[in-house]
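J.: After the structure tokens below, expect a handful of questions from me.
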Amino acid sequence: MTPASTGASTSVGAVASVPSPQPAPGAVSESRMSPGGPGYRRMSLALFLAGVATFALLYSTQALLPLISGDFAVSAGDASWTVAAATGGLALFVLPMSALSERFGRRTVMTASLAVAVTLGLLVPFAPSLGVLVALRALQGAALAGLPASAAAYLAEEVTPKALVTAIGLFVAGNSVGGMSGRVITGWVAQEWGWRVAVGAIGVVAVACAVAFRLLLPAPRHFRAGSLRPGVLVRTVRDHLANPLLRRLYAIGALFMTVFGGVYTVIGYRLTEAPFSLPQGVVGSIFLVYLVGTVSASAAGRLVSRLGRRGALYAGGATTAAGLLLSLGGTLPTVLLGLVLITAGFFAGHAVASSAVGKTATVGRAQASALYQSAYYVGSSVGSTVGAVAFHAGGWAGTVAVGLVAVTGVAVITLAGTRAARAAVQPA
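Here it is, written out as structure tokens:
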């Protein structure tokens with residue numbers, strides 16, 4: 236995403252630079268794309284396909300970790316690095332990629348990112364060792380950072396303001412579809428032909444999406460290359476990190492994703508082992524639970540209206556905690572219901588936190604959103620690895636314990652924010 240975060244992720248825009256003079260606002264508005272107008276449908280489909288390719292590739296190994304463990308004879312914690320390396324690479328390169336898109340153009344960076352990522356995706360199935368596989372995945376994640384770093388900026392420049400939310404929604408929908416379908420498809424393909432063929436199949440799908448994206452996406456008409464000013468970017472980032480409220484929101488996003496990344500990295504191991512012993516294809520289909528996240532993320536706005544932002548965060552955290560505890564049950568329906576609650580709570584909390592970042596930052600909103608996204612994917616990397624290590628040490632209860640610690644952190648940080656807000660309005 237936010238991404239919607241239906242999964243995935245919110246997109247961020249450009250970074251600090253000195254742009255060339257812009258055309259008059261009226262002229263720009265008249266030439267921008269809008270629903271029913273020239274290029275809008277092509278643009279929407281192009282970015283939808285880019286979102287599908289990005290998140291199908293990013294999480295292509297997550298549903299396959301038990302098979303990867305078996306192939307390389309490694310633990311769940313070791314295999315989880317194939318997910319953590321990809322999300323970590325993306326987290327580290329969101330800001331640099333957004334800077335490149337400001338200098339060289341949104342479409343250029345998105346095209347190059349997809350080209351590199353899909354090429355690496357076709358190499359991943361041939362990795363001779365876990366170390367090589369992890370290295371390829373880290374490079375793939377770094378390359379994929381160019382998509383979320385550039386897509387929102389492209390849309391903000393090329394689409395009319397009234398159509399912007401809808402256009403971004405289509406890109407986010409692609410993120411969700413890619414993240415979910417990538418896991419489901421790999422699960423069923425791997426059941427018949429193994430994890431290497433499954434990952435290769437996702438690579439082929441991503442190639443088709445990337446080619447269609449490049450052919451469909453209209454050339455930018457309003458991009459003006461800026462001269463990069465790293466010093467300005469560093470100061471903006473430093474100012475955001477000095478803001479206590481933004482720091483809390485970044486931490487909340489990272490902690491929610493720690494829970495989610497850990498649970499969905501390890502759930503395949505639990506369900507393929509006794510007492511469930513489910514086939515790989517069925518385990519992959521478990522990721523259809525993501526659809527619950529689409530609903531809860533879209534309902535987050537109404538939740539904030541009723542409970543306030545902090546109340547909504549408490550509700551998201553409580554729902555996630557309830558799901559974690561329920562997932563400890565010994566029956567499949569209980570585990571699945573637990574996953575539904577975890578997913579609903581995560582997406583609601585993530586949607587609330589990510590939307591609050593844009594409202595909190597009065598300047599440098601693109602950088603504020605980029606920092607949130609970086610924290611979000613750092614949480615994914617940490618959750619994937621720590622959750623898997625905990626599973627190896629203490630079974631599913633160990634992974635749940637990690638999740639409960641993270642949810643408790645969300646509650647503590649939210650409470651600290653509430654007290655800080657009250658102190659700020661107290662008379663001297």
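Every letter in the sequence shown is one number past the one before it in the working numbering, and letter 185, counting from 1, is 420.
Don't be surprised by glycine CBs; every beta carbon is placed ideally from N, CA and C.
Using a threshold of 7 Å, state whether the C-beta atoms of G312 and H627 are closer than that.
T.: As a working mapping, residue 312 is identified with position 77 in the sequence shown. As a working mapping, residue 627 is identified with position 392 in the sequence shown. Taking 7 Å as the Cβ cut-off, G312 and H627 qualify as a contacting pair.
J.: By alpha-carbon positions, which one of V318, G488, F283 ends up nearest to A603?
T.: By 1-based counting over the sequence shown, the position of residue 603 is 368. It is G488.
J.: Report buried or exposed for G305, applying the criterion of at least 16 other Cβ atoms within 10 angstroms of its Cβ.
T.: Counting from 1 along the sequence shown, the entry for residue 305 is found at position 70. It counts as exposed.
J.: Are there three or more Cβ pairs, one per stretch, closer than 8 Å when the region 448 to 457 is compared with the region 319 to 328?
T.: no
J.: To which residues of the same chain is G417 closer than 6 Å at the C-beta, ignoring the five residues directly before and after it?
T.: Taking the first residue of the sequence shown as position 1, residue 417 is located at position 182. Taken in chain order, the residues that qualify are A291, Y294, S295, I437.
J.: Assign G261 to one of three DSSP states: helix, strand, or coil.
T.: Translated into positions along the sequence shown, residue 261 becomes position 26. Bear in mind that the predicted position of G261 carries a pLDDT of just 48, short of 50, making it unreliable; the figure below should be weighed with that in mind. It is helical.
J.: Using the three-state DSSP reduction, which class does V394 fall into: helix, strand or coil?
T.: Along the sequence shown, read from residue 1 onward, the residue named residue 394 stands at position 159. Looking at V394 - three-state DSSP - the assignment turns out to be strand.
J.: For R341, which of A362, R473, E393 has the nearest alpha-carbon?
T.: As a position in the sequence shown, residue 341 is number 106, starting the count at 1. Measuring from the Cα of R341, the nearest candidate turns out to be E393.
J.: Can you tell me which residues form a DSSP beta bridge with M268?
T.: Taking the first residue of the sequence shown as 1, we reach residue 268 at position 33. Bridge partners of M268: V394.
J.: Given a cut-off of 7 Å on the beta-carbon distance, is the pair F491 and H585 in contact?
T.: Taking the sequence shown and counting its residues from 1, the one referred to as residue 491 is at position 256. Taking the sequence shown and counting its residues from 1, the one referred to as residue 585 is at position 350. Yes; because the gap between Cβ atoms is below 7 Å, this pair is in contact.
J.: Can you give the Cα-Cα distance for V359 and T471, rounded to whole angstroms?
T.: If you number the sequence shown from 1, residue 359 lands on position 124. If you number the sequence shown from 1, residue 471 lands on position 236. For the pair V359 and T471, the Cα-to-Cα distance works out to about 37 Å.
J.: Just tell me which of A534, R464, A441, L484 has its CA closest to the CA of A651.
T.: Position 416 of the sequence shown holds residue 651. For A651, the closest C-alpha among the options A534, R464, A441, L484 is that of L484.
J.: Report the CB separation of R545 from T649 in whole angstroms; it is logged as a contact under 8 Å.
T.: Indexing the sequence shown from 1 puts residue 545 at position 310. Indexing the sequence shown from 1 puts residue 649 at position 414. 5 Å between Cβ atoms; contact.
J.: Along the chain, where does the alpha helix (DSSP H) containing R464 start, and where does it finish?
T.: Residue mapping note: residue 464 aligns to position 229 of the sequence shown, counting from 1. Looking at the DSSP string, R464 is not in any alpha helix (DSSP H), and its letter there is neither H nor E.
J.: If you follow the alpha helix (DSSP H) that H457 is part of, which residue opens it and which one closes it?
T.: Here the question's residue 457 lines up with position 222 in the sequence shown. First-last for H457: undefined, no H or E at that position.
J.: Can you grab the Cα-Cα spacing for the pair A443 / F495, in whole Å?
T.: One-based indexing of the sequence shown puts residue 443 at position 208. One-based indexing of the sequence shown puts residue 495 at position 260. Taking the straight line joining both Cα atoms gives about 29 Å.
J.: Considering only residues of the same chain and omitting the five flanking positions on each side of A646, which have a CB-CB separation below 6 Å?
T.: Translated into the one-based positions of the sequence shown, residue 646 becomes position 411. Cβ within range, chain order: G552.
J.: Could you compute how far the alpha carbon of V419 sits from the alpha carbon of S364?
T.: On the sequence shown, residue 419 is found 184 positions in, with the first residue counted as 1. On the sequence shown, residue 364 is found 129 positions in, with the first residue counted as 1. In a straight line, the C-alpha of V419 is about 24 Å away from that of S364.
J.: With distances taken from CA atoms, which of S562, Y549, L349 is nearest A377?
T.: On the sequence shown, position 142 is the one that residue 377 refers to. The candidate whose alpha carbon is nearest that of A377 is L349.
J.: Please classify A509: does DSSP put it in a helix, a strand, or coil?
T.: Counting from one through the sequence shown, the residue named residue 509 turns up at place 274. In the structure shown, A509 sits in coil (DSSP, three-state: anything other than H, G, I, E or B).
J.: With DSSP run on the structure shown, which of helix, strand or coil describes A651?
T.: The residue you call residue 651 lines up with position 416 of the sequence shown. A651 carries a helical assignment under DSSP once its states are collapsed to helix, strand and coil.
J.: Assuming T634 and V524 make a contact with CB atoms under 8 Å, what is their CB distance in whole Å?
T.: By one-based count along the sequence shown, residue 634 stands at place 399. By one-based count along the sequence shown, residue 524 stands at place 289. About 16 Å; that fails the 8 Å criterion.
J.: Between L390 and L282, what straight-line distance do the alpha-carbon atoms span, to the nearest angstrom?
T.: As a position in the sequence shown, residue 390 is number 155, starting the count at 1. As a position in the sequence shown, residue 282 is number 47, starting the count at 1. If I take the Cα positions, the gap works out to 9 Å.
J.: From R473 to A388, what does the alpha carbon distance come to, in whole angstroms?
T.: In the sequence shown, counting from the first residue as 1, residue 473 sits at position 238. In the sequence shown, counting from the first residue as 1, residue 388 sits at position 153. Using only the alpha carbons, I get a separation of about 22 Å.
J.: For P396, is the classification buried or exposed, using 16 other Cβ atoms within 10 angstroms of its Cβ as the cut-off for buried?
T.: In the sequence shown, counting from the first residue as 1, residue 396 sits at position 161. When all chains shown are included, P396 counts as exposed.
J.: Sort Y275, T566, L606, A583 by Cα distance to L548 and report the nearest one.
T.: The sequence position of residue 548 within the sequence shown is 313, counting from 1. When only C-alpha atoms are compared, the closest one is A583.
J.: Roughly how many whole angstroms lie between the Cα atoms of L639 and A556?
T.: Residue mapping note: residue 639 aligns to position 404 of the sequence shown, counting from 1. Residue mapping note: residue 556 aligns to position 321 of the sequence shown, counting from 1. Each residue's alpha carbon lies about 6 Å from the other.
J.: From which residue to which residue does the alpha helix (DSSP H) around F361 run?
T.: Start at 1 with the first residue of the sequence shown, and residue 361 comes out as number 126. Unbroken run through F361: none, as it is neither H nor E.
J.: In this structure, does DSSP put G429 in helix, strand or coil?
T.: Looking up residue 429 in the sequence shown gives position 194. Residue state, collapsed to three classes: coil.
J.: Could you give the residue range of the alpha helix (DSSP H) that holds L538?
T.: By one-based count along the sequence shown, residue 538 stands at place 303. Note, L538: alpha helix (DSSP H), 535 to 561.
J.: Using a Cβ-Cβ cut-off of 8 Å (strictly less than) and excluding sequence neighbours within five positions of G261, which residues of its own chain qualify?
T.: Position 26 of the sequence shown, counting from 1, holds the residue named residue 261. Residue confidence for G261 is low, a pLDDT of 48 falling below 50, so the modelled location carries little weight; the figure read from the coordinates is stated next. Counting only Cβ-Cβ distances below 8 Å, and skipping sequence neighbours, we find nothing.
J.: What are the start and end residues of the alpha helix (DSSP H) that includes I303?
T.: Here residue 303 corresponds to residue number 68 of the sequence shown, with the count starting at 1. Here the alpha helix (DSSP H) through I303 covers 300 to 307.
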